[in-house]
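Here you go:
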């Protein structure tokens, strides 16, 4: 009888999961909160560091809270589906689209909010516009995203080790993995760089939610921010 039960269990067991596509976040990183330290260098050559706490329920539901080295809040970004709210210090906040490229306060290159969790976790922030015949676990991968931009990626054991996104309205972006962190730079301009490293990860304790008055907030004007 025990043998029959064991055979039935083997037959019903799900097959082992294959590698996750490099443009998808690993399931183990969902429903977590994680802490990162970021080192920044801007176009004027000024350097600095911040801490970033990310609460991630899903790729389209997350919150990023950025503080200075003394723990003072700089800004908080909350994204839920197609809506986003940015709150700077104790200000009232403003609305933004998660898919529109923005220059984030004290955070280097302009990127859509939707990119940020993928970058921090070492995943590709864009997927191929058309299905690929195969996604190599190791080697080179080239594709165009939905905006027509070319991505050139090197993967090792199914995860991105480096990538380059071609320029559309500016210099190309280049990303490189570095142990439990990474660096993002504007290609051709060594002065603009963001490097980060993960410090901690634990289960999610508080659900990311938009403020109750988010629909009445004004649109963000990033040119007015420091």
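Numbering (the working numbering), first residue to last: 1 to 226.
For every residue, glycine included, the Cβ atom is placed at its ideal position computed from N, Cα and C.
This one's a predicted model, so the numbers in the text were calculated from it and none came from an experiment.
C-alpha distance - residue i paired with residue j, whole-angstrom precision
| i | j | result |
| --- | --- | --- |
| residue 199 | residue 135 | 30 Å |
| residue 185 | residue 173 | 6 Å |
| residue 131 | residue 21 | 12 Å |
| residue 90 | residue 127 | 36 Å |
| residue 144 | residue 152 | 9 Å |
| residue 157 | residue 182 | 17 Å |
| residue 201 | residue 66 | 16 Å |
| residue 83 | residue 96 | 7 Å |
| residue 61 | residue 137 | 28 Å |
| residue 164 | residue 71 | 33 Å |
| residue 76 | residue 140 | 36 Å |
| residue 25 | residue 118 | 7 Å |
| residue 46 | residue 195 | 14 Å |
| residue 88 | residue 133 | 44 Å |
Residue i in three-state terms, based on DSSP
| i | result |
| --- | --- |
| residue 27 | helix |
| residue 117 | helix |
| residue 97 | coil |
| residue 176 | strand |
| residue 134 | coil |
| residue 107 | coil |
| residue 157 | coil |
| residue 152 | strand |
| residue 123 | coil |
| residue 140 | strand |
beta-carbon residue i near the ligand ADP non-hydrogen atom, thresh 7 Å
| i | result |
| --- | --- |
| residue 146 | Summarising the ligand content, the structure contains no ligands, and the ligand ADP is consequently not present. |
Beta bridge counterpart(s) of residue i as assigned by DSSP
| i | result |
| --- | --- |
| residue 34 | 54 and 201 |
| residue 146 | Paired residues: none, contrary to the question. |
| residue 85 | 78 and 95 |
| residue 61 | 58 and 80 |
| residue 66 | 52 and 75 |
### Message
Going residue by residue through the stretch 178-226, where are the continuous beta strand (DSSP E) segments of at least 3 residues, counting only ones entirely within it?
### Response
Runs of the beta strand (DSSP E) inside the stretch 178-226: 181-186 and 189-203.
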